[in-house]
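Chains as they are written, first to last, in the numbering used here: chain A, 3 to 393; chain B, 3 to 393.
Yeah, the Cβ is synthetic: ideal placement off N, Cα and C, and Gly gets one too.
Notes for the one structure printed next.
Protein chains: 2
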Amino acid sequence: MFQDQFLNELRLRWKKLQTKMQETSTQGLFISSNVNLYYVSGRVFSGYIYLPAEGDPLFFVRRPVGLSGQGVIYIRKPEEIGTYFQEHGITFPKTLTLETDSISYNEYQRYEAIFQPETVLNGTALLRNARNLKTDWEIEQIRRSGILHTQVYETIPSLYRPGMTDIELSIEIERQSRLAGSLGLFRIFGQSMEIFMGSLLAGENADNPSPYDFAMGGAGQDPSLPVGGNGTPLREGMAVMVDMGGNFTGYTTDMSRVFSIGSLTDLAYRAHECSLAIQDEIERTARPGTPAKELYNIAAGMAAEAGLADYFMGHAQKAGFVGHGIGIEINEGPVLAPRSKDILAENMVFALEPKFVIPGVGAVGIENSFAVQKDGLEKLTLCEEKILILS
Amino acid sequence: MFQDQFLNELRLRWKKLQTKMQETSTQGLFISSNVNLYYVSGRVFSGYIYLPAEGDPLFFVRRPVGLSGQGVIYIRKPEEIGTYFQEHGITFPKTLTLETDSISYNEYQRYEAIFQPETVLNGTALLRNARNLKTDWEIEQIRRSGILHTQVYETIPSLYRPGMTDIELSIEIERQSRLAGSLGLFRIFGQSMEIFMGSLLAGENADNPSPYDFAMGGAGQDPSLPVGGNGTPLREGMAVMVDMGGNFTGYTTDMSRVFSIGSLTDLAYRAHECSLAIQDEIERTARPGTPAKELYNIAAGMAAEAGLADYFMGHAQKAGFVGHGIGIEINEGPVLAPRSKDILAENMVFALEPKFVIPGVGAVGIENSFAVQKDGLEKLTLCEEKILILS
């Protein structure tokens, strides 16, 4: 199932989950989503994990064939798990924790019939809370993604050719990302948000509202996926914001950089400078114990003070946050939003993205990924933050 | 919300759903998944659709800002829908149909509290059944995807360079797909199956089992996404199967073609010929009224008769089907499998993929997309079916 040297890493995660389970008197955590199967076992498989409040997990595998190791049991359907418990004298959990925010209603019915618990608790929340605090190994994965992400962004000026559309430039960045090892697909929590490898927003298209809860919109190419680039020809005076996923490992970084075709308006440059100043101020402020909403308030306050509130985090439609946790999914905790209850803690990792949409110009601003360390923030995505001219 | 000329198309879909609703005495169908929002409204938005058993749907929109038209109501949270019903004297449905295979358990609880129905029926099944029979407009979208998909595949020989890995060749095909208008992201029913733009399987990697219920496996690049290409250097004697998504519209085609580096073993060529013969036989047999399982049986029978049963639809791990419906999602009905209850009907669209994995060589076989017409099958993905040599 997994290599021995990785077992110590996994034991840290199991222990973290079990501590939370004991706090809520849960006897069992039952997992079926790919994201959490990956978190708890170190790989994606088709099947289920049962983690008891004490002891090692059981891995009920449907596919692929050929996995082996302690705790691996092959099944064809989840009902065989009940039989396995009975035959092996395993106690059925009175309180069972299920991924109630991600498993479907019909799956829930099926699992409830297998375990017949007295109480069911929300495992999606438990797992997301646990995952918010990364292990050192996980932070190292994000660091690796950040290094590759940065290398790809450094090639962007060389990929531009006059006459390109936003989509055409995006395609060349996608190709560079894949050549550098991007897995392509990245994971988003919540089934309503969909996007391809990220977005590249040029000019007025940045102000087109999208259905998704992303910081920036874009009309997209098709009504079936109305987000991001829309075929805008890149022209003099446009800001081009590149916000592509950094999933070079199972853990993603998030980073945005702005380029310009020729020069932009003073307002656009001023807003970009304001984003950098917001980032500086948040880097000075943030440390373990800082409320996430305080960081949002710093950003919104500085934007307002600069007279840029109308453009902050969107114009026609605004995003309600200035940053979000990252990890296996692009939208983990903490959330940097006005009513967030999250408090920064050591080993949290988040993306900070103070951005502005300037009508007639496009999106400007910055996004970087940061790990929360004992003394403050470690920036994981290090490349030029000024607006670079494409020519 | 949508253009007037599109309203007639949508009315066909509403009518189809309402006919099914009346058969099960459902008063209301409540929709929240992107796939079905797109099907019923022609675009993805963040929100909900309520379709009554008679009359036009209501569109409860959260995002994007700026939609308008008959039936569009802006809300911030689903609970406001109950208030809207009360204020407008709309009857609450006694029998409510919800997407119980795709909405989460917690969403279900929330919607049930809003509508307080006596009975809840499975809307995922109802919608999937309705979507299995495409409208002419939908088939035209799939035709358009097929034409572009074919154009991309025709460039494959020109993309190959000696010394490439499977991933490197895949990246160049991905780029061509995107340049031809591919949306990149395609949709898969069921949250457990994940893949990037498709798969390219070379040599022995085709025999690596994956966790996903795809026809072919591959080890992938990372334990977080263990499917498809794994960095295999393309070498003399290898079969290279290209199976990339054809999502050039909101509707996808599915097509596979095999290439070789130098020449393959006789067994591999014989298996490829067998795939083509299976396809021919199924094209001769299939018409409205044909049971889908009969088509599976034809394929499995011909593979066995040729002495190729061990390699049919995988070797180390086998897929249990030889074809699947396509449309907004890559895995719709009908399913061509031994125990399928689906019966072909006019305006169904499916991908047929008789394939073999030959140890030491790789995957061979064919996959094309077909629409079921009155007199038989219309092939939607027309390009060379022989194994082409890459050099």
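| When DSSP labels each residue in this structure, what does Phe32/A get in the three-state scheme? | DSSP places Phe32/A in strand when its eight states are reduced to three.
| request: Scan the region 351-366 of chain A for residues whose Cβ lies nearer than 9 Å to a Cβ of chain B and list them as they occur along the chain. | output: none
| field | Secondary structure of Met315/A, DSSP reduced to three states | value | coil
| Using CA coordinates, which residue listed in Thr254/B, Ala241/B, Ser393/B, Met257/B is at the minimum distance from Phe358/B? | Ala241/B
| message | Quick check on Gly329/B: buried or exposed, where buried means 16 or more other Cβ atoms within 10 Å of its Cβ? | response | buried
| At a CB-CB cut-off below 8 Å, which residues of chain B make contact with Asn36/A? | Gln193, Ser194, Glu196
| query | Does the count of Cβ pairs from the region 11-18 of chain A and the region 81-89 of chain A closer than 8 Å reach three? | reply | no
| When we look at the beta-carbon of Ile169/B and count the other beta-carbons within 10 Å, is it buried (16 or more) or exposed? | buried
| Val46/A by DSSP, collapsed to three states: which one? | In the structure shown, Val46/A falls within a coil segment according to DSSP collapsed to helix, strand and coil.
| message | Distance check for Ile190/B and Gly30/B, CA to CA, integer angstroms please. | response | 26 Å
| request: Compute the Euclidean distance between the alpha carbons of Ala279/B and Met3/A, then round it to the nearest angstrom. | output: 40 Å
| query | Is it true that the region 212-225 of chain B meets the region 50-60 of chain A, where meeting means three or more beta-carbon pairs spaced less than 8 Å apart? | reply | no
| query | Which partner residues does Pro290/B have in the DSSP bridge list? | reply | None, per the DSSP bridge assignment.
| task | Could you name the residues of the same chain whose beta carbon sits closer than 7 Å to that of Gln319/B, not counting the 5 residues immediately before and after it, in chain order? | result | Pro211, Gly219, listed in sequence order.
| query | Are the region 227-239 of chain B and the region 346-360 of chain B in contact at 8 Å, needing three or more beta carbon pairs? | reply | no
| request: Round the Cβ separation of Leu150/B and Ala182/B to the nearest angstrom and send it over; I've been treating them as touching at under 8 Å. | output: 5 Å
| request: Could you work out which residue in Glu109/B, Ile197/B, Tyr41/B, Glu89/B is closest to Leu129/B when comparing CA atoms only? | output: Tyr41/B
| Is Ile391/B buried or exposed, if buried means 16 or more other CB atoms sit within 10 Å of its CB? | Result: exposed.
| How far does the alpha helix (DSSP H) with Asn108/A in it reach, from first residue to last? | 107-117
| Are any of the Cβ atoms in chain A nearer than 7 Å to that of Arg163/B? | no
| query | Quick one: what does DSSP say Ile169/B is sitting in, helix, strand or coil? | reply | helix
| query | Which residue from Gln72/A, Ala306/A, Thr21/A, Ile175/A puts its Cα closest to that of Asp245/A? | reply | Ile175/A
| Considering only C-alpha positions, which residue in the set Gly378/B, Ser70/B, Pro340/B, Phe94/B is nearest to Gly303/B? | Pro340/B
| request: Could you check which residue in Asn299/B, Glu331/B, Ile332/B has the C-alpha nearest to that of Gly322/B? | output: Nearest C-alpha to Gly322/B: Asn299/B.
| message | As a quick exercise: from Gly316/A, Leu69/A, Glu296/A, Ala132/A, pick the residue whose alpha carbon is nearest that of Thr21/A. | response | Ala132/A
| query | Where do the ends of the alpha helix (DSSP H) carrying Gly125/A lie? | reply | 125-134
| query | From the beta carbon of Ser147/A, is the nearest beta carbon of chain B less than 7 Å away? | reply | no
| message | Buried or exposed, going by whether 16 or more other CB atoms sit within 10 Å of the CB of Asn10/A? | response | Classification of Asn10/A: exposed, given that the 10 Å Cβ count is below 16.
| task | Assuming Ile77/B and Phe61/B form a contact by the criterion Cβ under 8 Å, report the distance between their Cβ atoms to the nearest whole angstrom. | result | In fact, because the Cβ distance is near 10 Å, the residues do not count as touching under 8 Å.
| field | First and last residue of the uninterrupted alpha helix (DSSP H) at Arg400/B | value | Given that chain B is displayed from residue 3 to residue 393, the structure contains no residue 400/B and the question cannot be resolved.
| task | Put Arg177/A into one of helix, strand or coil per three-state DSSP. | result | helix
| query | Where do the N-terminal and C-terminal ends of the beta strand (DSSP E) with Pro340/A fall, by residue? | reply | DSSP places Pro340/A outside any beta strand (DSSP E), giving it a letter other than H or E.
| Of all the CB atoms in chain B, is at least one closer than 7 Å to the CB of Arg177/A? | yes
| task | Tell me where the alpha helix (DSSP H) around Glu87/A begins and ends. | result | The question names Glu, but residue 87/A is Phe in the sequence shown. From DSSP, the alpha helix (DSSP H) with Phe87/A extends over 81-89.
| message | Could you check whether Thr137/B and Thr255/B sit closer than 7 Å to each other, using their CB atoms as the reference points? | response | no
| query | Do Val363/A and Val260/A have their C-beta atoms within less than 7 Å of each other? | reply | no
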